[in-house]
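K.L.:
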Ligand SMILES: [Zn+2]
């Protein structure tokens, strides 16, 4: 799944340095499958959702965390 928004809506996007890359159709990001990156993004997601629960707007959370608000919106719908 996409490490940025956890969407399964992604397609193969060619190879870079021999690694298969993917393009997420939901958030538009390119990524390679990487466990460490997924763990890192889980932490970022928890931070963003914590801010959301504290009452911050998606726009403000996006600014603070540097995560696209479309991604945060996806997390909010899925996890809250
Ligand atoms: Zn994505």
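In the numbering used here, the protein residues as written are 20 to 99.
Ideal Cβ placement from N, Cα and C applies to all residues, glycine included.
The structure presented is a predicted model; accordingly, all values stated were derived computationally and were not measured.
Between residue 30 and the rest of its own chain, which residues show a CB-CB distance below 8 Å, the 5 nearest in sequence each way excluded?
P.N.:
41, 42, 44
K.L.:
By DSSP, does residue 32 sit in helix, in strand, or in coil?
P.N.:
strand
K.L.:
Out of curiosity, what's the CA-to-CA distance linking residue 37 and residue 21?
P.N.:
19 Å
K.L.:
Beta strand (DSSP E) containing residue 42: first to last residue?
P.N.:
Segment 38-43, the beta strand (DSSP E) holding residue 42.
K.L.:
Just reading off the alpha helix (DSSP H) that residue 85 is part of, what are its end residues?
P.N.:
Counting along the chain, residue 85 falls outside any alpha helix (DSSP H), and DSSP gives it neither H nor E.
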